[in-house]
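Numbering (my numbering), first residue to last: 138 to 432. The block underneath contains the structure these notes are about, expressed in structure tokens.
Right, here's the structure in full:
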């Protein structure tokens, strides 16, 4: 249980849970998994997460799995890569319940997808590590969102402490974690910029609660990371279908959205971060390089 005093502090702290799908290495691009890398984030205000989101998810878990402890992972639940006691109709009903909960609570979704083949041909000097670009873009978008909220507060006459963000990701192994942590640390200590995306170290230190990326082991029971896992796969595939269909067809043939991915797109668009004009593309869901826009 979390105390009322802790909840009060979390009113000014947003939690950003990250997950990824795809491979980060450059080379042969035989299929979508080897060509595209996505990191997606679930951003939610801390007190809302603890008071509303987490209890509601526990109700869903109890509804479908009883008192059995069960961790949500998209591939195991919906792609039959793991054992689940649910029937096909049970999985569909579970997915609809999850989407309804996420659409009705105050979380924001954001993702960036790297097209490594296009990046290799257009931005060869950045091939050392795509995580630098990914982390910069995610943190810049998150901090922009916090500053936007503060502007709205000031317009209504409120004078409150700065909004800050805690960034968390699940451990993936020795080949990935140090690189992700290094990219985060570099931005925190030195700032970074790429094209028209810029984040100073002063702004990063002001907004981020920790100088180190928080990496939890797979054994840790963190519901926010489970949510990030649930959204990452459909964010990844909807980005490809909506914004990079020709490139997807080149490596995967004539494929179509699965029922799960399509339902996500139909229900969750209102929760994907958008700019002041309500545009998702390039803001809440980005593919890089995007043949139709600059970063």
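In this text, a Cβ means the ideal position worked out from N, Cα and C, and glycines have one as well.
Going by C-alpha to C-alpha distance, which of 287, 157 and 139 sits closest to residue 366? 157
Please report how far the alpha carbon of residue 278 lies from the alpha carbon of residue 377, in whole angstroms. 20 Å
Residue 432 to residue 314, Cα distance in whole Å? At residue 432 the pLDDT is 43, less than 50, meaning the model places this residue with poor confidence and gives no usable figure here.
Residue 259, buried or exposed, once every other Cβ within 10 Å from all chains shown has been counted against 16: exposed
Got a sec? Which residues, its chain only, sit under 8 Å from residue 338 by beta carbon, not counting five neighbours each side? 324, 325, 326, 327 and 328
DSSP on residue 177, reduced to helix/strand/coil? strand
Leaving out five residues before and five after residue 342 in sequence, what residues of the same chain have Cβ atoms less than 7 Å from its Cβ? 325
Along the alpha helix (DSSP H) that carries residue 407, what are the first and last residues, could you check? No alpha helix (DSSP H) contains residue 407, which DSSP labels as neither H nor E.
Where DSSP assigns a beta bridge to residue 320, which residues make up the other side? DSSP lists no partner for residue 320.
By Cβ distance, which residues of its chain are closer than 6 Å to residue 423, with the 5 residues on each side in sequence left out? 249
Residues that DSSP places opposite residue 152 in a beta bridge: 181 and 303
Whole-angstrom C-beta distance between residue 243 and residue 160, which should lie under 8 Å: At roughly 33 Å, the Cβ-Cβ gap does not stay under 8 Å, so residue 160 and residue 243 are not in contact.
Cβ contact (3+ pairs, closer than 8 Å) linking the region 188-195 and the region 230-243: yes
Residues of its chain near residue 307, where Cβ-Cβ distance is below 7 Å and the 5 sequence neighbours each way are ignored: 156, 353, 355 and 362
Pair within 8 Å by beta-carbon distance, residue 110 and residue 236: Summary: the structure shown does not reach residue 110, with the chain confined to residues 138 through 432, and so no result is reported for it.
Taking residue 399 as the reference, give the member of 173, 232 and 282 with the closest Cα. 232
What's the call for residue 358, buried or exposed, on a 16-neighbour Cβ count within 10 Å? exposed
Assuming the contact rule is C-beta atoms closer than 8 Å, residue 238 and residue 194 should be a hit. Round their C-beta distance to whole Å, please. 7 Å
Quick one: give me the first and last residue of the beta strand (DSSP E) that residue 368 is part of. Per DSSP, residue 368 belongs to no beta strand (DSSP E); it is in the alpha helix (DSSP H), 360-380.
By Cβ distance, which residues of its chain are closer than 6 Å to residue 417, with the 5 residues on each side in sequence left out? 409 and 411
Going by the DSSP bridge assignment, what does residue 345 pair with across the sheet? 302
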